[in-house]
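**Student:** In this text, residue positions in the sequence shown follow my numbering: the first is 7, and each later residue adds one.
Each residue gets a CB set at the ideal place from its N, CA and C atoms; glycine is no exception.
Please see the structure below; I have some questions.
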Amino acid sequence: MPQHSQPLAALIASRICHDLVSPLGAISNGLELLHLSGVPQSPELTLITSSATNATARIRFFRLAFGQADKGQSIHAKDLCDILTAVHVEGRITLDLRLSDDIPHPMAQALLLTILCVEQAMPYGGLLHVSRLNDRWHITATSGRLTPDLTLWAALSGSEKWPDISASQVHFLLLFQCLENQSSHIDTTLSDTEFRVSL
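Below you can see the structure in the form of structure tokens.
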């Protein structure tokens, strides 16, 4: 794992807090409005339902992506698809998931972290395709505009030194560690409308 001036655990905590503060705050606001209104079915209740679903999905996602990956355990492909679908249900990214069979926890963690990294190259949304072929996983982003941070991807592949990173980029470092622990590596291919990562 490359050395970095900021503790990795603190960066992870910052990342999680940053992503969860908005939906969790909305849940609290919705509950307060619901108690004040007393209306069985209302916009406030809709807000609560949507926020609760979003927050729960994110918690499950982050637990698997940032938590401890047990080598002896696996996750069902359907469960992983459910987590990814719930997180992206209201976003700009459309998923095309071709997952089957059980996936070892360490690889499932690497997949989610890779998806986080790839999504940062899709600021305007697009199609995200995930599949397994010839014993390798392939995550392909298709969009009219792709903006991958080539410096971070070069560091992730081991061809460049790590730059200073922010909390919003900490998943790149964690993915590097996951791949290193599994003696794995990534390959990337970039065109005007497609960005493919294989691991």
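Can you tell me which of the three DSSP states ASP108 falls into?
**Tutor:** On the sequence shown, position 102 is the one that residue 108 refers to. Strand.
**Student:** Assuming contact is defined by CB atoms lying nearer than 9 Å, are ILE54 and ILE33 in contact in what I supplied?
**Tutor:** Here residue 54 refers to the residue found at position 48 when the sequence shown is read from its first residue. Here residue 33 refers to the residue found at position 27 when the sequence shown is read from its first residue. Result yes, Cβ atoms of ILE54 and ILE33 sit closer than 9 Å.
**Student:** Please list the segments of the alpha helix (DSSP H) lying wholly inside the segment 160 to 195, counting only runs of 4 or more residues, in order along the chain.
**Tutor:** List check, alpha helix (DSSP H) in window: 176 to 187.
**Student:** Mind reading off the beta-carbon distance from VAL95 to ILE145? Whole number of angstroms is fine, and I expect it under 8 Å.
**Tutor:** Locating residue 95 in the sequence shown gives position 89, counting from the first residue. Locating residue 145 in the sequence shown gives position 139, counting from the first residue. Not really, about 19 Å apart at Cβ, beyond 8 Å.
**Student:** What does ARG202 pair with, by DSSP beta-bridge criteria?
**Tutor:** Looking up residue 202 in the sequence shown gives position 196. THR146, THR195, per the DSSP bridge assignment.
**Student:** Going straight from the alpha carbon of THR153 to that of HIS41, what length do you get?
**Tutor:** Residue numbering aside, residue 153 sits at position 147 when the sequence shown is read from its first letter. Residue numbering aside, residue 41 sits at position 35 when the sequence shown is read from its first letter. THR153 and HIS41: Cα-Cα distance of roughly 44 Å.
**Student:** Which complete beta strand (DSSP E) runs does the segment 69 to 124 hold, if anything under 3 residues is left out?
**Tutor:** Within the segment 69 to 124, the complete beta strand (DSSP E) runs of at least 3 residues are 80 to 82, 99 to 104, 108 to 110.
**Student:** Please state whether DSSP places ARG138 in a helix, a strand or coil.
**Tutor:** In the sequence shown, the residue the question calls residue 138 occupies position 132. Three-state result, ARG138: strand.
**Student:** If LEU133 and THR148 are in contact, beta carbons under 8 Å, what's the gap, nearest whole angstrom?
**Tutor:** Within the sequence shown, the letter at position 127 stands for residue 133. Within the sequence shown, the letter at position 142 stands for residue 148. Contact holds; Cβ gap of about 4 Å.
**Student:** According to DSSP, is GLY132 part of a helix, a strand, or is it coil?
**Tutor:** As a working mapping, residue 132 is identified with position 126 in the sequence shown. Of the three classes helix, strand and coil, the one that applies to GLY132 here is strand, per DSSP.
**Student:** Rounded to whole angstroms, what is the Cα-Cα separation between VAL93 and LEU101?
**Tutor:** Here residue 93 is taken as the residue at index 87 of the sequence shown, counted from 1. Here residue 101 is taken as the residue at index 95 of the sequence shown, counted from 1. About 11 Å.
**Student:** Under the assumption that LEU118 contacts ALA83 (Cβ atoms under 8 Å), give the Cβ distance between them as a whole number of angstroms.
**Tutor:** Locating residue 118 in the sequence shown gives position 112, where the first residue counts as 1. Locating residue 83 in the sequence shown gives position 77, where the first residue counts as 1. Wrong, their Cβ atoms sit about 13 Å apart, outside the cutoff.
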